[in-house]
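Visitor: Quick one: the structure is below, and I'll ask about it shortly.
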Amino acid sequence: MANRIQDAFDNIKTEPQLIESTKQFLSKKRRNSRMPSRRPIFYGALAAVCMALFLLAGIGGYSWAQTPVSYVAIDVNPSIELALNRFDRVVSVRGYNTEGMEILKDLPLRGKLYTAAIELIMGSKAMAAYLSEGADLVFTIAADSQRESALKSGAESSASHCGHSSQSASVDLESALQAHTYGLSLGKYYAWLQLIQYDDSVTIEDCRDMSMAELHRRISEYESGEEEYPNEDTMQEDGNTYEEEHHLEEDTYEEEHHLEGDAYGEEYPLEEDAYDEGYVPEEGDASPQEHHPEEIEDHGNGNHSEYGTATENESVSTETEPTYTESPPDTAAPQETGQQQNNNGHGHRYRQQRSHH
Amino acid sequence: MRGETEVNHAVDTYADMVRRVCFYHLKNQADTEDVFQEVFLKYMLHDEPFKNKEHEKAWLLRVAINACKDYLKNFFRRNTVSLDSLYEMAAEIPESHREVLEAVLSLPGKYKDAIYLHYYEGYSAAEIGQILGKKENTVYSLLSRGRGMLKDILTDGDGEHSFRKTGR
Chain V
375 MANRIQDAFD NIKTEPQLIE STKQFLSKKR RNSRMPSRRP IFYGALAAVC
425 MALFLLAGIG GYSWAQTPVS YVAIDVNPSI ELALNRFDRV VSVRGYNTEG
475 MEILKDLPLR GKLYTAAIEL IMGSKAMAAY LSEGADLVFT IAADSQRESA
525 LKSGAESSAS HCGHSSQSAS VDLESALQAH TYGLSLGKYY AWLQLIQYDD
575 SVTIEDCRDM SMAELHRRIS EYESGEEEYP NEDTMQEDGN TYEEEHHLEE
625 DTYEEEHHLE GDAYGEEYPL EEDAYDEGYV PEEGDASPQE HHPEEIEDHG
675 NGNHSEYGTA TENESVSTET EPTYTESPPD TAAPQETGQQ QNNNGHGHRY
725 RQQRSHH
Chain U
36 MRGETEVNHA VDTYADMVRR VCFYHLKNQA DTEDVFQEVF LKYMLHDEPF
86 KNKEHEKAWL LRVAINACKD YLKNFFRRNT VSLDSLYEMA AEIPESHREV
136 LEAVLSLPGK YKDAIYLHYY EGYSAAEIGQ ILGKKENTVY SLLSRGRGML
186 KDILTDGDGE HSFRKTGR
């Protein structure tokens with residue numbers, strides 16, 4: 375029985391193609407199974423990349439939120455500067471002089487909204503000592519144009535909350551960086567910039583120790599001093615124009631005389647008097663042509679009452695010079711022409727005199 | 036994972052054995068191929084070292100038997116069994132041996148394992164018990180009952196005839 379079973383089963387042989395296909399199947403599996411063996415590495419790498427991305431996003435986000443985009447400087451004598459991120463929160467504070475550092479020493483300002491930070495600073499005991507009557511509280515804001523006005527009003531309102539009036543100025547971010555390189559707070563740097571326009575000798579070191587009130591006093595001193603210069607300038611200019619006009623008038627006179635012949639002869643000395651005494655700068659801006667008839671009026675008023683009629687003035691002023699030179703004999707009253715004729719000799723003489731000059 | 040040469044050597048060495056287990060459990064060539072490949076795939080992926088050749092052989096036997104049983108347990112397989120291939124396979128086997136094989140194949144599964152392991156592979160009842168996960172005494176009774184059934188089938192020509200009849 376055992377033998378029969380054994381013999382019978384001996385007949386059962388694996389078909390060669392089955393062995394072959396199995397070997398192929400196994401080697402195929404082996405090749406494919408390399409994938410699973412690689413998979414953990416692949417997933418590990420993927421996880422690592424994801425982690426790195428998360429980390430980068432975190433770091434990027436943090437630095438994005440911690441990057442100062444605007445600066446608010448508070449200057450009295452203590453100089454304090456708040457660096458704000460794009461959410462207007464304080465990312466860092468810096469005292470630019472010992473007084474400023476003293477104030478900041480115990481204040482937890484980081485992460486606070488800038489208005490809250492300003493109120494905290496204003497309310498601190500150390501700051502109170504400096505916020506006396508004569509002190510100038512100045513906010514200097516360096517921010518982009520969008521934030522600037524908002525920050526300005528925010529800072530001022532939070533200062534007024536604390537019962538202090540304040541001034542504020544805004545500067546561009548570039549000068550903020552400039553100020554940092556000089557180690558000066560924005561407000562003082564801005565004041566210094568104003569000051570050196572008048573006085574080159576003021577150094578940054580001087581500024582650092584000066585209070586804002588002092589800086590402002592000096593600036594305003596210079597500013598008020600400066601105001602006088604423009605006045606003098608305008609005075610000088612006036613004088614110039616006067617002279618110029620005078621000169622021109624003289625010329626026209628000469629011309630008139632020449633053209634009109636002797637018509638003005640007798641008046642001339644009188645006219646000269648009028649020039650010297652009666653001429654006022656307010657007429658200075660008149661052009662020679664316009665001035666001319668007025669002059670005649672003047673002379674007329676001053677010396678010959680018959681002259682100053684409105685009609686005559688108008689007719690004279692509307693006419694151009696060449697026609698005018700001819701017009702007086704036509705339009706003028708007969709007596710005038712007579713007088714003018716009478717003065718012929720004088721006028722001529724005067725002209726000669728002048729030419730001698 | 037085992038090296039390619041080791042696996043190929045195992046395939047060459049144990050192919051017939053696994054093939055026989057598949058033969059008396061499974062009913063067609065396609066299933067046999069599936070299970071055959073699966074057994075050696077398991078061997079390839081099995082990393083624990085074997086104590087010796089015997090251990091390796093016993094391991095493969097157990098894996099093959101379990102693979103066949105699992106395969107037959109599959110609902111889809113159980114319901115689409117085709118007996119035709121069995122007779123195609125058996126056709127190549129000489130008449131005298133075919134008789135015995137058919138007799139063995141007609142036994143229920145648990146008897147086939149015990150009979151095959153005992154009479155062909157030459158394992159003792161204790162060893163069979165280990166391989167099949169059964170008690171030694173259970174194996175004894177399986178063997179004696181299986182032997183009885185085989186005797187009945189092989190001595191009774193009608194039984195063989197009727198088996199053929201029902202098979203066809």
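So the protein lines, in turn, are chains V and U. Residues in the first sequence are numbered from 375 upward in steps of one, following the numbering used here. Residues in the second sequence are numbered from 36 upward in steps of one, following the numbering used here. Ideal placement from N, C-alpha and C gives every residue a C-beta, glycine not left out. Just so you know, these numbers come straight off a predicted model, no measurement behind them.
What's the C-alpha gap between residue 526(V) and residue 457(V)?
Guide: Cα to Cα, the separation comes out at about 14 Å.
Visitor: Around the C-beta of residue 131(U), are 16 or more other C-beta atoms found within 10 angstroms, so that it is buried, or is it exposed?
Guide: With fewer than 16 Cβ atoms within 10 Å of its Cβ, residue 131(U) is classed as exposed.
Visitor: Please say whether residue 79(U) and residue 142(U) have beta carbons closer to each other than 7 Å?
Guide: Not in contact: residue 142(U) and residue 79(U) (Cβ atoms no closer than 7 Å).
Visitor: How should residue 44(U) be labelled, buried or exposed, when 16 other C-beta atoms within 10 angstroms of its C-beta is the threshold for buried?
Guide: Classification for residue 44(U): exposed.
Visitor: Could you work out which residues of chain V lie near residue 90(U), taking near to mean beta carbons separated by less than 9 Å?
Guide: None at all; the shortest Cβ gap to chain V is about 21 Å.
Visitor: What's the C-alpha gap between residue 431(V) and residue 524(V)?
Guide: Their Cα atoms are separated by approximately 30 Å.
Visitor: Which residue marks the beginning of the beta strand (DSSP E) containing residue 37(U), and which one marks its end?
Guide: No beta strand (DSSP E) holds residue 37(U); DSSP gives it neither H nor E.
Visitor: Between the stretch 64-78 of chain U and chain V, which residues of the former have CB atoms less than 8 Å from a CB of the latter, in chain order?
Guide: Hits within the stretch, in order: 67, 68, 71, 72, 75, 76.
Visitor: Between residue 589(V) and the rest of its own chain, which residues show a CB-CB distance below 6 Å, the 5 nearest in sequence each way excluded?
Guide: Same-chain partners within the cutoff: 565.
Visitor: Can you find the residues in the same chain that come closer than 7 Å, C-beta to C-beta, to residue 532(V), ignoring five residues on each side of it along the sequence?
Guide: Counting only Cβ-Cβ distances below 7 Å, and skipping sequence neighbours, we find 489, 492, 493.
Visitor: For residue 559(V) versus residue 453(V), is the C-beta spacing smaller than 7 Å?
Guide: Yes, they are a contact pair.
Visitor: Does DSSP classify residue 384(V) as helix, strand or coil?
Guide: Residue state, collapsed to three classes: helix.
Visitor: For residue 46(U), which residues in chain V fall below 8 Å Cβ to Cβ?
Guide: Within chain V, the residues near residue 46(U) are 393, 396, 397, 400.
Visitor: In whole angstroms, give me the CA-to-CA distance for residue 506(V) and residue 479(V).
Guide: Near 21 Å, if we compare the C-alpha coordinates of residue 479(V) and residue 506(V).
Visitor: Assuming residue 60(U) and residue 136(U) make a contact with CB atoms under 8 Å, what is their CB distance in whole Å?
Guide: At roughly 13 Å, the Cβ-Cβ gap does not stay under 8 Å, so residue 60(U) and residue 136(U) are not in contact.
Visitor: In chain U, what lies closer than 8 Å to residue 380(V) by C-beta?
Guide: In chain order: 154, 155.
Visitor: Quick check on DSSP: helix, strand or coil for residue 513(V)?
Guide: Three-state DSSP puts residue 513(V) in a strand.
Visitor: Helix, strand or coil, according to DSSP, for residue 541(V) in the structure here?
Guide: Residue 541(V): strand per DSSP, three-state reduction.
Visitor: Starting from the beta carbon of residue 376(V), find every residue of chain U whose beta carbon is closer than 7 Å, and list them in chain order.
Guide: Correct list: 154.
Visitor: Would you mind telling me which residues of chain U sit closer than 7 Å to residue 388(V), beta carbon to beta carbon, in chain order?
Guide: Residues of chain U passing the Cβ test: 50, 51, 54.
Visitor: Quick one: what's residue 456(V) bridged to in DSSP?
Guide: 446(V), 467(V).
Visitor: Output the boundary residues of the alpha helix (DSSP H) element that contains residue 64(U).
Guide: Taken as a continuous stretch (DSSP letters only), the alpha helix (DSSP H) holding residue 64(U) covers 64-80.
Visitor: Strictly below 9 Å CB to CB, what residues from chain U border residue 404(V)?
Guide: Correct list: 36, 39, 42, 79.
Visitor: Closer than 8 Å by beta-carbon distance: list the chain V residues that pair up with residue 150(U), in chain order.
Guide: Going along chain V in sequence order, the residues near residue 150(U) (Cβ under 8 Å) are 379.
Visitor: Of all the CB atoms in chain V, is at least one closer than 7 Å to the CB of residue 85(U)?
Guide: Not an interface residue.
Visitor: Report, in whole angstroms, the separation of the C-beta atoms of residue 85(U) and residue 396(V), which I expect to be a contact under 8 Å.
Guide: About 20 Å separates the two Cβ atoms, so there is no contact after all.
Visitor: Distance check for residue 418(V) and residue 87(U), CA to CA, integer angstroms please.
Guide: Going by the C-alpha atoms only, they are around 38 Å apart.
Visitor: Which of the three DSSP states, helix, strand or coil, is assigned to residue 487(V)?
Guide: Here residue 487(V) sits in strand by DSSP.
Visitor: Using the C-alpha atoms, what's the distance from residue 186(U) back to residue 393(V)?
Guide: Cα to Cα, residue 393(V) sits roughly 34 Å from residue 186(U).
Visitor: In the DSSP assignment, the alpha helix (DSSP H) including residue 472(V) goes from what residue to what residue?
Guide: Run containing residue 472(V): 472-478, per the alpha helix (DSSP H) assignment.
Visitor: As a quick exercise: from 585(V), 504(V), 552(V), 513(V), pick the residue whose alpha carbon is nearest that of residue 455(V).
Guide: Nearest C-alpha to residue 455(V): 513(V).
Visitor: To the nearest angstrom, how far is the alpha carbon of residue 536(V) from that of residue 439(V)?
Guide: Whole-angstrom Cα-Cα distance: 29 Å.
Visitor: Could you tell me if residue 551(V) is buried or exposed, where buried requires 16 or more neighbouring beta carbons within 10 angstroms of its beta carbon?
Guide: Counting Cβ neighbours within 10 Å, residue 551(V) comes out exposed, since fewer than 16 surround it.
Visitor: So is residue 449(V) buried or exposed if we call it buried at 16+ other beta carbons inside 10 Å?
Guide: Counting Cβ neighbours within 10 Å, residue 449(V) comes out buried, since at least 16 surround it.
Visitor: Against chain V, does residue 188(U) count as a neighbour if the rule is that its beta carbon must be under 7 Å from one of theirs?
Guide: For residue 188(U), the answer is no, since every Cβ of chain V falls outside 7 Å of its Cβ.
Visitor: Taking CB distances under 7 Å as the criterion, tell me whether residue 191(U) reaches chain V.
Guide: Judged by the 7 Å Cβ criterion, residue 191(U) is not in contact with chain V.
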